[in-house]
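A short write-up of the structure that comes next.
Here's what the structure looks like:
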C-alpha cells in the first residue's frame, strides 16, 4: 500500500500506516489554518527584508541614533533568522477549549495582518494550558494535538483527550504515543527538538519564578538540561531585563556545548553565551588535571583564593610619611593624611588596577589645586617622574593577576605570609617548582585574581588614549583659530567654536585605543550551570562572580558526583553563599529504557544506597548484551550496517577509532550526552568506590536504546 498523495500545499504528508489520520474531518481546520499561516509568513519575510534594507541605509554614524539603528537591525535579523530556520513548522500543536475555540501554539507569537492571532508564543500565559493540562487538571481544555514535522511537512500527529469522550472515535487519539515515539527516535550529534513534547512536570519548572537559585535535580534521562535551556528562553521572554543584561550557560565540556548548541536558536534566542569553566580564564585552554589529591582538595576549598586576596591587599598600603612635591608652578606636600584619603577614594567594586588609575587622577587633582594654574598634562608628567610618582608606584603598584598567583605558588614563604593559617604540609602541597604549569585546580584562583586586580594593560591603553585625546584637542584648537581668523561674516559664527563644549563635541574618539571586552566576565542577569554536582567551592566562586544578582538555574544529580555529594543541595549551596534556593525535582526517566536501568540501578546503589534513581517509562525491547572486548569493532560495524541513522558511543577504550556516527569518550566527557547505542569497554576496571560507581552509572545511562558491555 502506498501513501495517499499530499494535498496541494498541504502540510500533511503521512506515511501509509497513518493514512486513517488523513480523514478530512480530522484535518480540515488545520488545512485552513496552515494555508493562512503560510501566506502570512511569506509576506512577513518580504516585509522584514524590506525593513532591514531600509534600516541599514539609514545614515547614522554615531550617537544614540546609530545605537537605535543597530538595535533595530539586530531585532529584524533575529525575526528573519527564525523564519529562515522554520516555516509553518513554527507551529507546535493546537489546544481545543471547552467552548470549541482552537488555539495554535508556536515557537513564536505570530499575528496576521488583520490582527488575528495566528500563533501564540509557547512562553506566553495563554499557551501554558497546552503544556500543563493533564487528565486530572485539564486547564479548561478538552483536547490537544501535537504535530511531528519533517521539514515543513507533518509526518504524524496525535490527539490527547483531556475530557473523556471529547475526542470521539478519532484514530488520532493516543495519550502517550506523541511523546513515547519521540523518545525512541534516532539520535544525532545535536540535541533533538523536544519543545512540542514538553511534559507538565517539566513545564512547571520552565515557568517558575526568576528570583534566587532554582535547582533542577533529577537522575539520568529526566530532561534536566532540556528544562534548563527552555527555562532560559522563557525567562528571556518573560523578563526583558534578563534579555538585556544577558544569560550565560556553563556546561561540562565543549562536546556538550556543541550538542545543545541548536536548542536556544531553535527557540528564537540567539544571544546566549555558552562556555565551560575552563573558558572563563585564558589558562584553561592548556591547564592539566591536578595530580595530587591533597593539593586538589586544598585548592577546591578556596584556600588559594584567600591567599590571593591577602596578597593584593598587601600591595595597597598608603605611605605613612609626607612627600614633598616641587614643580615649575610651585611647591607643596602630600601628607600621610592625604595619602590615606587618596587610598580610600576609589569607587566600590573597582579592581586594583582601576583603583590605581583613580587614585593617581585624584593625586594629580590634589596637587593641581594647591598650585598656581598648572598645565594639566605637563603637571601629570612632572609628578610621574618625580618622588611622589615613585612613592605612589611603590605603595600601589601595577599588578599582573597571573603573576600574583604564580608568586604564591612559587614562593612558600610568600604563601605562608599571605595565608598564615596554612600549615607547613599545606604550603608544601600548594607550591611547586614551575609556578606557571597551570592545572585545572588553579583556574578559580586565576579567575579571582583577574576580577580583583583587573587588566594590567588598562593603564597603558588609558595613557595612549589620553595622548590621542590631547593631540586631537590641540589640532582642533588650531583649526578653530584658523576658522576665526578667516571669518569675515557679520555674525562671526566661528567665534562660537571657542566654547569648551563646542570644541569637545567636535572630537571623535571612535578610533581611540581600547581593550577588547571580555564577553565571559559578566555581569550576567542569569546563569545556567549544568552538571553542577561536580563544582568545587572554588569553582562556584568563578560562577558567582559573574551573576551578582544570584539568579541561577542549577542542574545536577547528586548521585552523579564523582567525589560524592553527602549534603543536600540547600546545604551545599549555602556554603558558597547562595541562600535563596528552591528545589525542583524530576523523577521520571524519559530517555533510558527499562532494560538499561535494570543494569544501571544496582551499579550505583552498591556505592550510594540512597541514590535518586528515576523510574523509566518506556522499554526498548532490547536486553543488555555482553560481549568480549575483541568483539567491539565487529559489533559496531554490524550496528552501523543495520541502522542508516542514529549515533553510537564507545566508552572506556580511547584507542578505538571515532567516526561521524561513533563517538569515543570517557565517562566524564560523556556526561550530558545521549546515544542510540552505548558500548562500555571493561567497565569493572574504571575504579573502585564512589568515583568508579558513578562512572559506570553515567556511562550506562547515556543509552536511549541499546547497551552493550564488553568485559
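Numbering (the numbering used here), first residue to last: 1286 to 1996.
We treat Cβ as the ideally placed atom computed from N, Cα and C, and that holds for glycine.
- With DSSP as the reference, label residue 1800 as helix, strand or coil. Any reading at residue 1800 needs caution, since the residue's pLDDT is 49, under 50, leaving its predicted position unreliable; the model's value is listed next. Residue 1800: coil per DSSP, three-state reduction.
- Task: For residue 1860, count neighbouring Cβ atoms within 10 angstroms of its own Cβ and tell me buried if that reaches 16, exposed if not.
- Result: By the neighbour-count rule (16 or more Cβ atoms within 10 Å), residue 1860 is not buried but exposed.
- Task: Please classify residue 1476: is it buried, with 16 or more other beta-carbons within 10 angstroms of its beta-carbon, or exposed?
- Result: buried
- Item | Contiguous alpha helix (DSSP H) assignments of at least 4 residues, all confined to the region 1922–1995 | If we require 4 residues or more, the alpha helix (DSSP H) runs fully inside the region 1922–1995 come out as 1974–1985.
- Message: I need the boundaries of the alpha helix (DSSP H) containing residue 1699, first residue and last residue.
- Response: Residue 1699 -> alpha helix (DSSP H) spans 1697–1703.
- Query: Are there three or more Cβ pairs, one per stretch, closer than 8 Å when the region 1643–1652 is compared with the region 1660–1669?
  - Reply: yes
- Query: Exposed or buried, residue 1908, counting other C-beta atoms within 10 Å across all chains shown (16 or more means buried)?
  - Reply: exposed
- Item | Exposed unless 16 or more other CB atoms sit within 10 angstroms - verdict on residue 1983 | buried
- Does DSSP put residue 1616 in a helix, in a strand, or in coil? strand
- Query: Apart from the five residues on each side of it in sequence, which residues of its chain come closer than 6 Å, Cβ to Cβ, to residue 1948?
  - Reply: 1934
- Query: What separation, rounded to the nearest whole angstrom, lies between the Cα atoms of residue 1837 and residue 1591?
  - Reply: For residue 1837 and residue 1591, the distance between alpha carbons rounds to 24 Å.
- Message: On the criterion of 16 or more Cβ atoms from any shown chain inside 10 Å, does residue 1678 qualify as buried, or is it exposed?
- Response: exposed
- Applying the criterion that 16 or more other CB atoms from any shown protein chain within 10 Å of the CB defines a buried residue, is residue 1845 buried or exposed? Residue 1845 counts as buried, since at least 16 other C-beta atoms from the protein chains shown sit within 10 angstroms of its C-beta.
- Message: So, for residue 1378: in the same chain, excluding its five sequence neighbours on each side, which residues have a beta-carbon less than 7 Å away from its beta-carbon?
- Response: 1390, 1415, 1429, 1430, 1431, 1432, 1481
- Short check: CB of residue 1583 to CB of residue 1694, under 7 Å? no
- Task: Compare the C-alpha of residue 1651 against each of 1639, 1636, 1630, 1684 and name the closest.
- Result: Per the C-alpha coordinates, the member of 1639, 1636, 1630, 1684 positioned closest to residue 1651 is 1630.
- Item | Inter-residue Cα distance where the pair is residue 1605 and residue 1621 | 5 Å
- Message: Let's see if you can read the secondary structure: which residues bound the alpha helix (DSSP H) around residue 1521?
- Response: According to the DSSP assignment, residue 1521 belongs to the alpha helix (DSSP H) that extends over 1509–1523.
- Message: Is it buried or exposed, residue 1901, if we count other Cβ atoms within 10 angstroms and call 16 or more buried?
- Response: buried
- Message: Less than 7 Å between C-beta atoms, sequence neighbours within five positions excluded: which residues of the same chain meet that for residue 1437?
- Response: 1296, 1372, 1373, 1374
- Query: How is residue 1478 classed by DSSP in three states: helix, strand or coil?
  - Reply: The answer is coil: DSSP assigns residue 1478 none of H, G, I, E or B.
- What do you get for residue 1616, buried or exposed, if any count of 16 or more other CB atoms within 10 angstroms of its CB means buried? exposed
- Do you know whose CA, among 1623, 1499, 1903, lies nearest residue 1866's CA? Minimum Cα distance to residue 1866 is reached at 1499.
- Message: Suppose you measure from the CA of residue 1805 to the CA of residue 1567; what does that come to, to the nearest Å?
- Response: 11 Å
- Message: According to DSSP, is residue 1502 part of a helix, a strand, or is it coil?
- Response: strand
- Can you grab the Cα-Cα spacing for the pair residue 1488 / residue 1478, in whole Å? 15 Å
- Taking all protein chains shown into account, decide if residue 1342 is buried (16 or more other Cβ within 10 angstroms of its Cβ) or exposed. Under this definition residue 1342 is an exposed residue.
- Query: So what does DSSP say about residue 1638, is it helix, strand or coil?
  - Reply: Assigned with DSSP and collapsed to three states, residue 1638 falls in helix.
- When the distance is taken between beta carbons, is residue 1530 closer than 7 Å to residue 1521? no
- Top-ranked residue by Cα proximity to residue 1518, from 1308, 1554, 1864: 1554
- Query: alpha helix (DSSP H) containing residue 1826: first to last residue?
  - Reply: Counting along the chain, the alpha helix (DSSP H) containing residue 1826 begins and ends at 1822–1829.
- Message: Closest to residue 1661 by C-alpha separation, out of 1970, 1613, 1382, 1635, would be which residue?
- Response: 1613
- Consult DSSP for residue 1805 and reduce its assignment to one of helix, strand or coil. Coil.
- Query: In terms of residue numbering, what span does the beta strand (DSSP E) encompassing residue 1439 cover?
  - Reply: 1438–1446
- Task: Mind checking who residue 1559 pairs with in its DSSP beta bridge?
- Result: 1534
- Message: Going residue by residue through the region 1648–1693, where are the continuous alpha helix (DSSP H) segments of at least 4 residues, counting only ones entirely within it?
- Response: Counting whole runs of 4 or more residues, the region 1648–1693 contains the alpha helix (DSSP H) stretches 1661–1670, 1672–1680.
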